[in-house]
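Chemist: Heads up, the sequence shown stops at 66 in my numbering, and the numbers go up one at a time, no gaps. Sharing a structure, written as structure tokens. Questions coming.
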Amino acid sequence: MISSKELLHLDSYLTFQKRHIQALEYLHHNVQDSESKQYFLDLIKKNQNQFGTISKHINANQPMYP
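Okay, structure coming up:
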């Protein structure tokens with residue numbers, strides 16, 4: 001079980017992570033180089049997976065590392 005203080009920290013981190021993903025999406029859509037576009041797309045996917053994993057465990061009240 002996580003404390004309310006830890007939950008606040010995780011919420012702050014997830015908010016930061018969401019903004020980070022939005023910034024990467026902006027860069028992906030506005031860069032011209034196809035290699036850079038793919039790099040940003042890979043970063044977006046990795047960050048979305050991490051965000052989803054953390055969110056899922058928080059919402060399901062499960063431990064992060066079983």
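Ideal Cβ positions, reconstructed from N, Cα and C, are used throughout, including at glycine.
1) Return the chain-ordered list of same chain residues with a C-beta closer than 8 angstroms to the C-beta of Leu10, the five sequence neighbours on each side being excluded.
2) Tell me the residue span of the alpha helix (DSSP H) that contains Gln22.
3) Going by C-alpha distance, which of His28, Tyr13, Arg19 is nearest Gln38?
4) I'd like to know whether the C-beta atoms of Asn76 and His20 end up nearer to each other than 8 angstroms.
Modeler: In short, the structure shows the following:
1) Within the sequence shown, the letter at position 10 stands for residue 10. If the five residues before and after Leu10 are omitted, its C-beta is found closer than 8 angstroms to the C-beta atoms of Ile2, Ile54, Ile58, all from its own chain and listed in chain order.
2) Reading the sequence shown from its first residue, position 22 is the one you call residue 22. Looking at the DSSP string, the run of the alpha helix (DSSP H) that includes Gln22 is 4 to 30.
3) Here the question's residue 38 lines up with position 38 in the sequence shown. For Gln38, the closest alpha carbon among the candidates His28, Tyr13, Arg19 is that of His28.
4) What the structure shows of the chain is the stretch from 1 to 66, and residue 76 is not part of that stretch, so it cannot be assessed.
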